[in-house]
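Chains as they are written, first to last, in my numbering: chain A, 17 to 219; chain B, 17 to 219.
Don't be surprised by glycine CBs; every beta carbon is placed ideally from N, CA and C.
Reading through the structure tokens given below for one structure.
Number of protein chains: 2
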Amino acid sequence: MKNIPEKSKYHHGDLRTTLLTVAGEMLKEGGIEELSLRKLAARVGVSRTAPYHHFKDKNALLCGIAESGFRQLHQMNKRSFNAEGPSTKEKFSSFIHEYVNFAKANPDLYELMFGRTIWKQENSTSELRDAAYPCFQYQVAMTREWQQLKLLNHSGEESALRASQVLWGTVHGIAKLLIDGIYTDVAHVEEICDYAVDMFLVH
Amino acid sequence: MKNIPEKSKYHHGDLRTTLLTVAGEMLKEGGIEELSLRKLAARVGVSRTAPYHHFKDKNALLCGIAESGFRQLHQMNKRSFNAEGPSTKEKFSSFIHEYVNFAKANPDLYELMFGRTIWKQENSTSELRDAAYPCFQYQVAMTREWQQLKLLNHSGEESALRASQVLWGTVHGIAKLLIDGIYTDVAHVEEICDYAVDMFLVH
DNA sequence: GACTAAATATGACGGTGTCAAGATTGATTA
DNA sequence: TAATCAATCTTGACACCGTCATATTTAGTC
């Protein structure tokens, strides 16, 4: 007689996380433009304004979803980079492939994470920034190591930050072009990634 | 007594191009989310549904704006690539810089041109595709030349398409990260671009 | 058991895209 | 010139949307 969430209770109990979960599902199903607060509330079985007691805004809810996305991405990078078996070169290749495949697997989430909606002006929540920045910084750290091991093609003074911005730009750009289906076919993801790896490695 | 568009005429005369122009202005001023058909119509001085006789959709209007964007971009690339003075290396560098600076100068237009809104599903107009594809193909052609001149760092079999997708991904990614203000500062555009050029050139 | 604060609900407002139906006009044709 | 017609524009209406102000219900606390 413990878990009986069947009867319609006035207080939902854990509306915040439920909203985040269901919103994530809706995002996956129908994209960002199918995600409205009203539909979300209806699906959860709650009034339209109930979410406003857990999220200041629609924007805040979106930030919440993106937040978990960044944590996923961060963890993925960490796991990959700290793997025992593969060589550094292989890890570099893994980073490129995994990043792009993450975007390919969760196109709408990725779009949300890096879209204008969330980041423009001062729209981003401080919690979002707290989740995203460590993720960014980890990419710089990885790049620094690749640089120190003389893996990356480059002449002149090295900068981990700049190299990271370029590398990140590349995977980000490939991901977005893929997602939006602009002159790049999803069928060739691996080929494109391999080619990118080859262009960055020193020969 | 020729140009007297002062008196309120029932027929506007050239509403289609006026809509495109003014919509472009509004896009530049307040971004995509400030651009509503109703506001646009009001600003042009016409009823809310008048635009529907010139554009099937709001989407069709957006495609129209993006269209001119692609023509601009295409022309910019052509002019730069066919310049007489600079060396091939310098032209390669110019391409990177100019592309990113185009995006930086017209952030909302760029966002629209490559955003999901326009390209997802079958949203894109055939006219838009007719303007965009030649632009894409020109990038492949440029890349092919750079490859043949052994400018780009790479081992293994060469593919102009793949290299172009990676290069384009890079500039696209840098542009988007800059526009969205994600871990990259607009003040460092040139530095980042220079670094990208250096990473791609063979040494 | 009374009180308070949190959680939820209802009603309302202004905004959006877009459809249907009517009004106006410029061009064509007889 | 007069009549017709299609293009163009307007008005009205609808279904959404996010969000605020206000009222209601409930859980937890003293």
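Distance, residue 115(A) Cα to residue 100(B) Cα: 40 angstroms
Do residue 89(A) and residue 118(A) have their C-beta atoms within less than 9 angstroms of each other? yes
What residue range is occupied by the uninterrupted alpha helix (DSSP H) comprising residue 46(A)? 31–46
How many whole angstroms separate the CB atoms of residue 43(A) and residue 128(A), which I take to be in contact at a CB cut-off of 8 angstroms? 7 angstroms
If the criterion is Cβ atoms closer than 9 angstroms, does the pair residue 141(B) and residue 48(B) meet it? When the beta-carbon positions are compared, residue 141(B) and residue 48(B) stay at least 9 angstroms from each other.
Using only alpha-carbon positions, find the residue among 62(A), 96(A), 183(A) and 32(A) that is nearest to residue 78(A). 32(A)
Neighbour-count burial assignment, residue 40(B), 16 or more Cβ in a 10 Å radius: buried
Within 9 angstroms of any Cβ in chain B, is that where the Cβ of residue 88(A) sits? no
Given a cut-off of 9 angstroms, decide if residue 190(B) and residue 181(A) are closer than it, judged by their beta-carbon atoms. yes
So, helix, strand or coil for residue 201(A), using DSSP? coil
Since residue 81(A) and residue 187(A) should fall inside the 8 angstroms C-beta cutoff, what is the C-beta to C-beta distance between them, to a whole number of angstroms? Between residue 187(A) and residue 81(A) the Cβ distance is about 21 angstroms, and since that is not below 8 angstroms, they are no contact.
Chain-order list of residues whose beta-carbon lies under 8 angstroms from that of residue 34(B) (same chain, five-residue window excluded): 28 and 60
For residue 46(B), does the count of other Cβ atoms within 10 angstroms reach 16, so buried, or fall short, so exposed? Exposed is the call here.
Please state the DSSP three-state secondary structure of residue 168(A). strand
Identify which residue in 66(A), 51(A) and 52(A) has its Cα closest to the Cα of residue 30(A). Ranked by Cα distance from residue 30(A), the options 66(A), 51(A) and 52(A) are led by 66(A).
By Cβ distance below 8 angstroms, which residues in the same chain neighbour residue 38(B) in space, the five residues on each side in sequence not counted? 56, 59 and 60
For residue 217(A), which of helix, strand or coil comes out of DSSP? In this structure, DSSP gives residue 217(A) an extended state, which the three-state scheme calls strand.
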